[in-house]
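S.K.: Following this message is one structure expressed as structure tokens.
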Amino acid sequence: AAMFDMEYARWLEEDQRHLVELRAGLQAALPDNELRVIVDGYLYHYDELFRLKGVAVKSDVFHLIKGIWASPAERPFIWIGGFKPSELITMLTQQLEPLAEQQIAGIMDLRQSAHEAEEALSKRHEQLHHAIVDTIAGGDVIDGVQQMVAAMAKISNLEGFVYQVNNLLYLQYIN
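Residue numbers (our numbering): 461 to 635.
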């Protein structure tokens with residue numbers, strides 16, 4: 461967790477640099493090919509965040525889920541280890557106006573598909589949470605080893621679940 465926190469702090473510093481560079485490019489009305497280079501660099505930067513989160517989930521899945529690593533500005537938007545893509549899409553859409561009708565329709569479709577995936581993942585997260593609680597609370601406790609083994613298996617499922625959430629965030633991000 462400490463390593464992730466350090467790497468994430470470094471990532472945030474780099475994020476500011478990328479954001480300043482992107483804003484400057486937009487304000488300077490750079491040609492599309494030059495903006496593409498800046499945007500591609502920013503996309504690669506986000507690839508690094510998803511890689512960091514992928515490594516962190518293996519060492520401490522709860523640290524990632526709780527959002528302890530997030531900045532105070534990010535914490536209100538935390539959803540199972542990251543931003544809800546549909547909310548992020550809504551915020552970004554307001555910053556991109558004016559848009560053509562076709563662009564608006566595409567964004568609405570993307571937001572709807574993200575919302576549907578979020579709902580499915582939220583439901584699965586709740587089921588997994590209940591399964592872990594039931595496993596720990598259920599059965600006779602002789603030495604607790606059986607419950608702990610079963611709970612650890614469920615936590616392993618939780619890691620896989622966070623990978624799916626991270627993948628959803630990544631897919632929405634590249635679209």
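Glycine included, each C-beta is placed from N, C-alpha and C at the ideal position.
Quick check: the Cα distance between E473 and E467, rounded to an integer number of angstroms?
M.R.: Residue numbering aside, residue 473 sits at position 13 when the sequence shown is read from its first letter. Residue numbering aside, residue 467 sits at position 7 when the sequence shown is read from its first letter. Going by the C-alpha atoms only, they are around 10 Å apart.
S.K.: Is K583 buried or exposed, if buried means 16 or more other CB atoms sit within 10 Å of its CB?
M.R.: Position 123 of the sequence shown, counting from 1, holds the residue named residue 583. Looking at its Cβ environment, which holds fewer than 16 other Cβ atoms inside 10 Å, K583 is exposed.
S.K.: If you draw a straight line from the C-alpha of L588 to the C-alpha of G620, how long is it?
M.R.: The residue given as residue 588 occupies position 128 in the sequence shown. The residue given as residue 620 occupies position 160 in the sequence shown. So the alpha carbons of these two residues sit roughly 11 Å apart.
S.K.: Contact defined as beta carbons within less than 8 Å: I believe V515 pairs with L581. What is the distance between those atoms, to the nearest angstrom?
M.R.: Indexing the sequence shown from 1 puts residue 515 at position 55. Indexing the sequence shown from 1 puts residue 581 at position 121. The pair is not a contact, with the Cβ atoms about 21 Å apart (cut-off 8 Å).
S.K.: Go to P545, then tell me how far its alpha helix (DSSP H) extends in each direction, as first and last residue.
M.R.: Here the question's residue 545 lines up with position 85 in the sequence shown. It spans P545 to L556 - the alpha helix (DSSP H) in which P545 sits, taken as one unbroken run.
S.K.: Touching or not, the segment 469-487 and the segment 499-508, by the rule of three or more beta carbon pairs under 8 Å?
M.R.: Touching, yes, given that three or more Cβ pairs across the two stretches are closer than 8 Å.
S.K.: Tell me which residue opens and which closes the alpha helix (DSSP H) that A489 is part of.
M.R.: The residue given as residue 489 occupies position 29 in the sequence shown. That residue, A489, is in no alpha helix (DSSP H); it is neither H nor E in DSSP.
S.K.: Hey, out of E481, H590 and I549, whose CA is closest to A565's CA?
M.R.: Position 105 of the sequence shown holds residue 565. The shortest C-alpha separation from A565 is found at I549.
S.K.: Is A560 helix, strand or coil by DSSP?
M.R.: As a first step, residue 560 is located in the sequence shown; it is residue number 100 there, counting from the start. Reduced to three states, the DSSP call for A560 is coil.
S.K.: Would you tell me roughly how many angstroms separate the C-alpha atoms of H523 and Q572, rounded to the nearest one?
M.R.: In the sequence shown, counting from the first residue as 1, residue 523 sits at position 63. In the sequence shown, counting from the first residue as 1, residue 572 sits at position 112. Taking the straight line from one Cα to the other gives about 29 Å.
S.K.: Among G485, D520, N627 and L490, whose alpha-carbon lies nearest the alpha-carbon of D465?
M.R.: Counting from 1 along the sequence shown, the entry for residue 465 is found at position 5. Selected option, being the one with the closest Cα: D520.
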